[in-house]
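The block underneath contains the structure these notes are about, expressed in structure tokens.
2 protein chains.
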Amino acid sequence: MSTVTATHYTIGAFAKAVGLTAPTLRYYETEGLIEPHRLANGRRYYEEADIDWVKFLLHLKGTGMSISELKQYVQWRAQGDATIPQRLALLQQVKADFLVQFNEVQHHLQILNDKINWYEAKEAGLTADQESFRAYLQRLEHHE
Amino acid sequence: MSTVTATHYTIGAFAKAVGLTAPTLRYYETEGLIEPHRLANGRRYYEEADIDWVKFLLHLKGTGMSISELKQYVQWRAQGDATIPQRLALLQQVKADFLVQFNEVQHHLQILNDKINWYEAKEAGLTADQESFRAYLQRLEHHE
DNA sequence: ATATAACTTCAAGTACACTTTAAGTCAACC
DNA sequence: GGTTGACTTAAAGTGTACTTGAAGTTATAT
Chain A
1 MSTVTATHYT IGAFAKAVGL TAPTLRYYET EGLIEPHRLA NGRRYYEEAD
51 IDWVKFLLHL KGTGMSISEL KQYVQWRAQG DATIPQRLAL LQQVKADFLV
101 QFNEVQHHLQ ILNDKINWYE AKEAGLTADQ ESFRAYLQRL EHHE
Chain B
1 MSTVTATHYT IGAFAKAVGL TAPTLRYYET EGLIEPHRLA NGRRYYEEAD
51 IDWVKFLLHL KGTGMSISEL KQYVQWRAQG DATIPQRLAL LQQVKADFLV
101 QFNEVQHHLQ ILNDKINWYE AKEAGLTADQ ESFRAYLQRL EHHE
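Chains A and B, in that order, are what the protein sequence lines are. Counting in UniProt numbering, the first sequence runs from 1 upward without gaps. Counting in UniProt numbering, the second sequence runs from 1 upward without gaps.
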């Protein structure tokens, strides 16, 4: 007969493990994203598997999902496999929105890079005195 | 002797041209990002070149610059070429921060994609019943 | 034993970027 | 010439995602 020693985290230790603060974890809990266990004295404790769950939530959050979308996702998840189509549709929509944003942001970076290069050229005295950034962009054929 | 007809935009027309609302343009103005001209009766008007300027600001904003960073940038710009080093340093910092974020976000997308693929496989009955998403990720060798 | 650090709840506060409202002026069209 | 719509300012309100404070309880270290 063997005894398994499960790792228990206090909210503070768990916060460090996932890179959040204790208040943020309590906030996420009120939003229904996490449901830690409780000791007899009322204190929260978290387990190893909760770390993966929170990190996964943070990945989803990082793709642009709001707290309320995450909440919806979590609620569907709690209802079992019957809600897999809804969850899949939500994630596909999140992905589609993400890709739109992603392309926009790459264009923003392009302009930022152009401007940096323009300043660097100007500092190095390599740009014609009167060439405007607008003209410079056109020269590079980045329209808009 | 020739007469040049400059295009004048009211705030409403200009808002449409740059994809913002009139209140947002006024807000940006109070933040020092734009300085439209005024007619004798006190109404704002904008010119063609202002469109490029606002669009450029929106590109910078899209790379993660806050309103106050944009304000700082605009103030330096108004001070002339002597502030080019500061402006360049600011934009380079913005770019560095952007690239960090960009990499993080690509990783988030990777996880989102994995999850979508996992759901799709599960719906198609192609995943072993009991395989968890965690195990699935490990199988794909995406650690963390 | 006692200080201090970590936990508890609940409510209020913060930051950012707008958005909306109120009260009024001005301009264009029929 | 009167109604409708666009403009003006200033101040207050909104949404999101936390963060901080207050007041109290519990656990850990010396």
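We treat Cβ as the ideally placed atom computed from N, Cα and C, and that holds for glycine.
Sequence-distant partners of A/Asp50 (beyond 5 residues in either direction) whose C-beta falls short of 8 Å from its own C-beta, in its chain, are Tyr9, Phe14, Ile34, Pro36.
The C-beta of B/Tyr119 comes closer than 9 Å to at least one C-beta of chain A.
Runs of the alpha helix (DSSP H) spanning 4 or more residues and lying entirely within the stretch 82–134 of chain A occur at 84–123, in chain order. Distance between A/Arg38 and B/Val18, taken at the CA atoms: about 53 Å. Between A/Leu88 and B/Glu69, the C-beta gap is not smaller than 9 Å, which leaves the two residues out of contact. When A/Tyr45, A/Thr7, A/Ala40 are compared, the shortest CA-CA separation from A/Leu25 is found for A/Tyr45. Taking C-beta separations shorter than 7 Å and ignoring five residues to either side along the sequence, the partners of B/Val54 in its chain run Val18, Ile34, following chain order. For B/Gly62, the chain A residues whose Cβ falls inside 7 Å of its Cβ are Glu104, Val105, His108, in order along the chain.
Using a CB distance cut-off of 9 Å, A/Glu123 counts as an interface residue toward chain B. Assignment of beta-bridge partners to A/His8 by DSSP yields A/Glu47. Interface with chain A (9 Å Cβ-Cβ cutoff): B/Gln92 is included.
Linking B/Lys71 to B/Glu31 through their CA atoms gives a straight-line distance of about 7 Å. Take the alpha-carbon of B/Leu90 and the one of B/Thr7: they are about 33 Å apart. DSSP places B/Thr24 inside the alpha helix (DSSP H), whose first and last residues are 22–30.
Exclusion of the five residues before and after A/Phe133 leaves Trp118 as the residues of its chain whose Cβ lies within less than 6 Å of its Cβ. The C-alpha of B/Glu131 is placed about 42 Å away from the C-alpha of B/Val94. Neighbours of A/Leu88 in chain B, taken as residues at a C-beta separation under 8 Å, are given in chain order as Ile116, Tyr119, Glu120, Glu123. Rounded to whole angstroms, the separation of the alpha carbons of A/Arg77 and B/Gln86 is 50 Å. Between B/Leu112 and A/His59, the CB-CB gap stays under 9 Å. Taking C-alpha positions only, B/Gln92 is separated from A/Ile84 by approximately 44 Å.
According to the DSSP assignment, A/Leu70 belongs to the alpha helix (DSSP H) that extends over 67–78. Excluding sequence positions up to five before and after B/Thr21, its CB lies within less than 6 Å of the CB of Ala15, all in the same chain and listed in chain order. The secondary-structure analysis by DSSP pairs B/His37 across a beta bridge with B/Tyr45. Collapsing the DSSP output to three states places A/Gly62 in a helix.
About 18 Å separates the CB atoms of A/Thr63 and B/Leu99; that is not less than 8 Å, and the two are not in contact. Chain-ordered, the chain A residues with CB closer than 9 Å to the CB of B/Phe98 read Val105, His108, Leu109, Leu112.
When the alpha-carbon of A/Met65 is set against those of B/Glu120, B/Val105, B/Glu48, B/Gln138, the nearest one is in B/Val105.
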